[in-house]
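Engineer: Residue numbers for the sequence shown follow this note's numbering, beginning at 1038 and rising by one.
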Amino acid sequence: MLTQLEQIEKAALDALKNVQDEASLEQWRIAHLGRSAPLMQVFDQLGKLSKEERPLIGRRANEVKRGLDNALAEQSEAMRQAALARTLTAERLDVTLPGRPIGRGRLHPSTQILRQIYRIFADMGFQIYRSREVESDEYNFEMLNIPAHHPARDMWDTFHTTAPGVLLRTHTSPGQIHVMREYYPQPIRVILPGMCFRYEQISARKETQFNQVEGLAVGHHITFGDLKGTLSDFARRMFGEQVRTRFRTSYFPFTEPSAEMDVECFLCGGKGCGVCSGTGWLEILGCGMVHPTVLRNGGYDPLKFSGFAFGMGPERIAMLRYKIEDIRYFWANDVRFLEQF
Ligand code: FA5
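(1) Compute the distance between the beta-carbons of residue 1360 and residue 1303, then report whether it is under 8 Å.
(2) Taking only three categories from DSSP, how would you classify residue 1256?
(3) Which runs of the alpha helix (DSSP H) at least 4 residues long sit entirely within the stretch 1225-1302? Give them in chain order.
(4) Which same chain residues end up closer than 6 Å to residue 1215 when comparing Cβ atoms and leaving out the 5 residues on each side of it in sequence?
(5) Would you say residue 1322 touches the ligand FA5, meaning its beta carbon is less than 7 Å from a heavy atom?
(6) Tell me the DSSP bridge mates of residue 1197?
(7) What's the C-alpha gap between residue 1257 and residue 1221?
(8) Decide if the stretch 1200-1208 is in contact with the stretch 1283-1299; the criterion is three or more beta carbon pairs, one per stretch, under 8 Å apart.
(9) If we call anything under 8 Å between Cβ atoms a contact, is residue 1150 one with residue 1358?
(10) Return the CA-CA distance between residue 1183 and residue 1356, expressed in angstroms with no decimal places.
(11) Work out the CA separation of residue 1146 and residue 1338 for me, nearest whole Å.
(12) Take residue 1212 and list the residues in its own chain whose beta-carbon comes closer than 6 Å to its own, dropping the five residues that flank it on each side.
(13) In chain order, what residues of the same chain have a beta carbon less than 7 Å from the beta carbon of residue 1334, not counting five sequence neighbours either side?
(14) For the beta strand (DSSP E) holding residue 1344, just list the boundary residues, first then last.
(15) Mind the definition here: the stretch 1192-1199 touches the stretch 1228-1243 only if three or more C-beta pairs lie below 8 Å; say whether that holds.
(16) In the DSSP assignment, the beta strand (DSSP E) including residue 1192 goes from what residue to what residue?
(17) Going straight from the alpha carbon of residue 1348 to that of residue 1138, what length do you get?
(18) Got a sec: does the ligand FA5 put a non-hydrogen atom nearer than 7 Å to the Cβ of residue 1226?
(19) Please report the straight-line C-alpha distance between residue 1232 and residue 1165, rounded to a whole angstrom.
(20) Give the straight-line distance between the Cα atoms of residue 1049 and residue 1087, rounded to the nearest whole angstrom.
(21) For the alpha helix (DSSP H) holding residue 1053, just list the boundary residues, first then last.
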């Protein structure tokens, strides 16, 4: 039986040399250490042996079992280490490699200009008031002294919705009425930024959607001088001390008198070029003294109150500041354009 044990041990250890993976190692365990393994049969027969033989064979059988258990544990650990080494070589991590750059977002040029405008007017004591983009015909036109069939409606090509009397605001001016009705009878000094929509022929200077910043000041002794002073100061803070501006008389149904403010053309420096249509000037805003009818619609008595209002285009201002020749770049989502700001 001792010889049999030697053979069992030798056969098991020889077989272990051919074991290459976890699955065959498990098969080996079942074959050589499992319930029906030859070694286990030796243990089963111990009871039948004589008193003299039993301790001798029993000790040897236990030695063989311990030896095989150890060989199994060693082989298992060796295979685990080999697998780890394989993974480390295959999935090598070079910690000295420079990292992949993370694309950083940046603010859209319109947002940047809007924030500058907010800062300038905040310094002058103006608050920001947000008004709705979907408006009623009443607020967008009627309350602003533009009744139905008034020829001035042609100045604003309008996107109408399927709901009667509901449209996308063509300018931020309807916000004037909302502010006045909310603030009456207090004096007002607000700016109203936001998106406007017009059904226009798109060109280098005209988009169907664009931002406007409306301004409104209402109080007891507000004059056209205050309007000119405020807007001239704005232009100096926005474009620099040297900037040249001019006011031209104009017409808006909701202001009287009305004007437009031009800034010297950034491209030709005032000589006249394609961008400024040869005039040397670029219009950036419309303005005027709030019409008595509009004051009354807002709840303010025009005999006791006066006010000025203006509406400017931040994209046009951004074009001047950054020398952008075409307004269509703003909403074309071309990152090559956007990355420059
Ligand atoms: C108005 O919209 C008036 N509501 C402005 C106003 C407010 C006048 C208060 C008096 C008192 P206008 O249509 O000119 O006016 O537009 C004002 C500014 O918005 C323009 O000077 C221009 O900078 C910008 N703007 C107008 N239309 C477009 C367009 N299609 N694309 C880009 N910017 C535009």
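Idealized CB from N, CA, C, for every residue including glycine.
Since the structure is predicted, the reported quantities are computational estimates derived from the model, not experimental observations.
Structural biologist: Answer, in terms of the structure:
(1) yes
(2) strand
(3) 1261-1276
(4) 1168
(5) yes
(6) 1204
(7) 13 Å
(8) no
(9) yes
(10) 31 Å
(11) 40 Å
(12) 1168, 1229 and 1251
(13) 1180 and 1214
(14) 1343-1349
(15) yes
(16) No beta strand (DSSP E) contains residue 1192, which DSSP labels as neither H nor E.
(17) 42 Å
(18) no
(19) 14 Å
(20) 27 Å
(21) 1039-1054
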